[in-house]
Amino acid sequence: MRALFSTVSIADPAASWDHRGILPPREGDPGGGDGGGVYGSPNFDLRLRRARLGLLVGLTGILMIFISFTSAYVVRQGLPTLDPRTNALVQDWLPVRLPAILLLNTSVLLLSSISMEMARRGALREAALERTASANVAADRTQILWLALTLLLGVAFLRGQWLAWRQLTSSGFAIASSPSSSFVYLLTGMHGLHLLGGVLALLAASAATLLRRAIASCAVAIDVTGWYWHSMALLWVYVLCLLKFVR
Amino acid sequence: MATPESHVHVHAAPQGFLRKWVFSLDHKVIGLQYYFLALTAVFVGMFLSLLMRIHLIWPNVSLPLFGEIKPETYLSLLTMHGTIMVFFVLTTAPQGGFGNYFLPIQIGAADMAFPVLNMLSFWITCVGYLVMLGAFFVTGGAPLHGWTGYPPLSAVPSAGPGEGAGADLWVISIALFCLGALLSALNFITTTLDMRVKGMSMMRMPLTCWAWFITAILGLLAFGVLLAAGILLLLDRNLGTSFFVPLITVNGQMVGHKGGSPLLWQHLFWFFGHPEVYIAILPAMGLCSQLVSVFSRKPIFGYKAMVYAMLSIGILGFMVWGHHMFMSGMSPYSAFAFSIMTMAIGVPSAIKTFNWLGTLWGGRIRFSSPMLFAIGFVSLFVSGGISGPFLAQPVLDIPLHDTYFVTGHFHLIMGVASIFGIFAATYYWFPKMFGHMMNETLARWHFWVSFVGAYAIFMPMHYLGMAMHPRRYSQLTELNYLHNLLPLQKFITYAAFITIAGQFIFLFNLFWSMKYGEKASDNPWEATTLEWTTATPPPHDNFGGRTPVVSHGPYEYGVPGAASDYVMQTAPAAVTTGV
Amino acid sequence: MGLVLLVVIWLITLVSTYFFVAKTWWLPPGASAAAAVIDRHFAITYVLMGIVFVAAQLILGYFVWKYRDRGAQPARYVHGNNTLEIVWTVLTAVLFIGLNLMSSSIWASERFRPAAPGALQVEVTGMQFAWYFRYSGPDGKFGATKPELIDPSAGGESAIGLDPSDAASKDDVVTGTMYVPVNREVEVILRAHDVIHSFFVPAMRFKQDAVPGLAIRMHFTPVSTGDYEIACAELCGMGHYKMHGMLKVVSQEEFDKWLAAREAEKQ
């Protein structure tokens, strides 16, 4: 019952506050506590956390897209269809033989994850150094090399996927040839599209690094791109397993 | 997780018309952009419905400019009306419009977490809207497959006029909308979790913020599914795949698909579609809670219950989609499971209604224009909600599915209650956004015409439904048993004329008051939440360089012994209240 | 303003309720075995929900009048009441879920069991924009159909693509009007050629989508003779509004005579 009645007293009218109820800035407080004030200096940990949270939320959205495709895939496999000629239900799922190049592409992508991780850690290390060291430390930004390698491998992966499509089509499995082939193109294509997004993010992060933007900003961008990249690698492994083992 | 004000990249107020008003990164401007997009959309949607109502009663009349409306045109009007209203009005104004504007302010933040993404969300949505309108102008015109777009009708261009390029544009527009919605949801969730000011715990957030937060989570999980379905439909339509289309012949011609499942679309669509209707109503519920508290001058009854109710609605909302599919050929056992869950979701909605009534009880009600619409919302929500349990029972859905009973049900909830939420929000926040009050007399006229008019239009649809009048019929001349129902249809059309006319009072009031309305003080409603502590309109960073500190809950009205009948959230902690 | 709101809300509530109670526009008379049970459950639902509707609206109207600001006394500073929350949550849950469980037994008896043996089988095919009905004839078997043979403009057997080379097709009767004998269970096998249609017979309280790619089996038992309109209840294109048919329920003798006459025409 405590919520029903409260004891109320106006104890201290002396806490000065203007009619809008905002406390005036306290002395020595730049207006936000630990240095993250509105016009204060950037707070790296905060920005990093926020960016990572945003990425996690965004990945959830992407996850739902692929869950939908997975559900369609599983349902379609087991779905009998009415053959109007015989009035009987028939199963028409023919598994597709996946081109071997997909395994090569997978290795390329996993390698790119490694180089991405090197870039990411390098960027974070630099950001940490920048905060603790004196102003004279020159940033060497070596992660640009790792970024470039990741970019290369990422593009190689996409090219490899394109080759895989060409091989599939020439062996008689175009997108509309059969339900199973439709799904192969759909799943690999949608993954490729999302990886392309990652490639664009990589380009942006690389540009920022090359143009010597603030180390903190670059580090946040590279970190988020890195985690996205790893997620796309993981997603690829998932898609491959789905296509290979759920048939 | 509450942190003090944080670094956001955009602080210096932008210069130049383009950066200030077109490609703005300021959540307030973006909110207004969404709002005005929805405003144009709602008038387009209303106009389409007017044409529909005219055609039903006078099928052969020749209208100026349009000529005679053919039956297939009626179906295109119907499709575009539904699509535009659901997406570009009900999913845009409450969340993209008011949510964008006021969520950051109500939690004490200077902007949304990712202002660039915010701007992108708006522009993607805007392009989507233009693409949707484009469907009217391509060969074949707009599609006629209903906002629900069931294949094979929506997947096969030869299945009907408008199912060619028009349907492609429709799908593309929806896909763009999904993208914009996902990005927006990302922003809302991150902002709510990470940018609340000191003292603003989750349980001290206004219920509007809870509503926007839960709506964003629903959007995040649902729009991806619709996007996936849309991609599959585009592939079926354009690349010859057969995700949704089995072996069919249209008018004796084989169309080259086989093996697909029309039910697969329905499952994917409604997995999105049911949460979508909660996306349309939750912000209005949050606002209603806010308004009944402010204008009864007492705390919301059962704050925690309201939060849990919204959370339950959100979670259960993902488990009931099959109730749109009872007649679809889905397994009857699944139907049973879905119907139990659907009845269950009626419970938190009822709880919310009881709590609103509980807030009114013992209050000192002020009948401002926002309050009128809030009260109207409660009445309309009850009316629309009561028809739900009929449809939720598969056995009763047998006669009622695809009749006007359904149309009456969802229009009362979405087409009116949710719209009342948008009106209430406009009247309530207009002073803060534009520095003027809206005209009260005009507001009252608007309220009465809309309230009575809405009932006059949509309550009779339940009678039509019970008499088993099917929906989406472009002419009522063929089925014999519809003849006795024509007078009721006529009544609905006349009521629609009057109600639609009444909306122009609102339109006029909106624009006239921006310039000529009575000047508004910073807190004209004597409300406690953070937006009323800022200047009017709020400065670029919302709080003028200062950081609010929150010490109280959002509904401290009528605190016994307090100096006035409301205690701001930012009042000093020494002012002791119950929360 | 409080008083005006009360009056208007109460008036709207009472006027709406009047039309529900007076059954000015109401369910058409039922003509199937299930209709009585369904209608009874409909009545229970609408009485209970009607009470909730009227009570909620009347209370809303009353509260906004009673608790209008009259200047003097303060509002009640109350944050809620947990007991009340529990009570009304439980009551609502009992009402809603109770109603549902009641109707579920009806649903189960209608849909969880297949048609009884000896039911009359009628294949119902929906296409843009007509219904065709096929009877299997004396051999009790439906002949094969081929999509290539479908020709809607020719009507009847060609419209459903009946394959004349299949022996079982010889005695299949295809009509545009559905005849069934009274008091005998009818099993409909629902098919669709092009888009989703829905076979809806209001008087029988029967509705089921006809989905291309599926042959859906459902049953009902007509219990009174007469002519009953069939409507399409799923948007199927520009002719959706005129895709109607007629169900004629006749005595068993009349049905046999009718079917025999149709068989004779085929010779």
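Protein chains in written order, with the working numbering: chain R, 56 to 302; chain C, 1192 to 1770; chain Y, 332 to 598.
Yeah, the Cβ is synthetic: ideal placement off N, Cα and C, and Gly gets one too.
About 6 Å separates the beta carbons of Gly-1537/C and Gly-1579/C, which is inside the 8 Å limit, making them a contact pair.
Residue contact check for Ser-123/R against chain C: a CB pair falls below 7 Å.
Contact note: Leu-545/Y reaches chain R through Leu-137, using a C-beta cutoff of 8 Å and chain order. Contact between Gly-1464/C and His-1515/C is confirmed by a C-beta separation of about 7 Å, below the 8 Å threshold. The contact set of Phe-351/Y on chain R, defined by CB atoms closer than 8 Å, is empty, because the minimum CB distance reaches about 39 Å. Interface criterion not met: the Cβ of Ala-259/R is under 7 Å from no Cβ in chain C.
By the criterion of at least three beta-carbon pairs nearer than 8 Å, the segment 1377-1394 of chain C is not in contact with the segment 551-566 of chain Y. Those residues of the segment 216-237 of chain R placed with their C-beta closer than 8 Å to a C-beta in chain C are Ile-230, Ala-231, Pro-234, Ser-237, ordered along the chain. Fewer than three Cβ pairs drawn from the segment 1364-1379 of chain C and the segment 1443-1461 of chain C lie within less than 8 Å of each other, which leaves the two stretches out of contact. One alpha carbon belongs to Ala-178/R, the other to Ser-167/R, and they sit about 16 Å apart. Sixteen is the threshold: since fewer than 16 other Cβ atoms of the shown chains lie within 10 Å of the Cβ of Leu-255/R, the residue is exposed. A straight-line Cα-Cα distance of about 11 Å links Asn-1546/C and Ser-1484/C. Residue pairing for Met-1445/C: DSSP places it in a beta bridge opposite Thr-1440/C. The count of Cβ pairs closer than 8 Å, one atom from the segment 536-546 of chain Y and one from the segment 1580-1600 of chain C, reaches three, so the stretches are in contact.
Among the CB atoms of chain Y, one or more fall inside 7 Å of the CB of Ala-1658/C. With 16 or more other Cβ atoms inside 10 Å of its own Cβ, Ile-1683/C counts as buried.
Taking a Cβ-Cβ cut-off of 7 Å, the neighbours of Glu-1669/C in chain Y comprise Tyr-572, Lys-573, His-575, given in sequence order. Residue pairing by DSSP places Pro-553/Y opposite Ser-363/Y in a beta bridge. Under the three-state reduction of DSSP, Trp-462/Y is assigned to strand.
Close to Asn-142/R, with beta-carbon spacing below 8 Å, are these residues of chain Y in chain order: Phe-473, Ala-475, Thr-476, Ala-546.
Remark: C-beta atoms of Pro-1453/C and Val-542/Y approach each other more closely than 7 Å. Taking the Cα of Ala-1284/C as reference, the smallest distance to any Cα among Lys-1449/C, Trp-1249/C, Phe-1257/C, Trp-1403/C is reached at Trp-1403/C. Listed in chain order, the positions of the segment 1435-1446 of chain C with a beta carbon within less than 7 Å of a beta carbon of chain Y are Pro-1437, Leu-1438, Ile-1439, Thr-1440, Val-1441, Asn-1442, Gly-1443, Met-1445. Annotated as proximal: Leu-1398/C and Ser-1480/C, with beta-carbon spacing under 7 Å. Contacts with chain C at 7 Å (Cβ-Cβ) include Arg-105/R. Taking 7 Å as the cut-off, the beta carbon of Tyr-1292/C is found no closer than this to the beta carbon of Ile-343/Y. Chain C has a Cβ within less than 7 Å of the Cβ of Ile-120/R. The beta carbon of Thr-1550/C sits no closer than 7 Å to any beta carbon of chain R. Within chain R, the residues whose beta carbon sits less than 7 Å from that of Phe-1305/C are Gly-109, listed in sequence order. When Thr-1282/C, Phe-1238/C, Leu-1254/C are compared, the shortest CA-CA separation from Leu-1268/C is found for Phe-1238/C. In the structure shown, Thr-1725/C adopts coil according to DSSP, grouped into three states. Among the residues facing chain C, Gly-133/R is not included, as its CB has no counterpart in that chain under 7 Å away. Taken through DSSP and simplified to helix, strand or coil, Arg-548/Y comes out as strand.
Per DSSP, reduced to three states, the secondary structure at Leu-149/R is coil, with no helix or strand assignment. Thr-141/R is the residue among Tyr-293/R, Val-292/R, Thr-141/R, Arg-104/R whose C-alpha sits nearest the C-alpha of Ala-475/Y. Within its own chain, the residues whose Cβ lies closer than 7 Å to the Cβ of Leu-1676/C, once the five positions on either side in sequence are excluded, are Leu-1655, Ala-1658, His-1660, listed in chain order.
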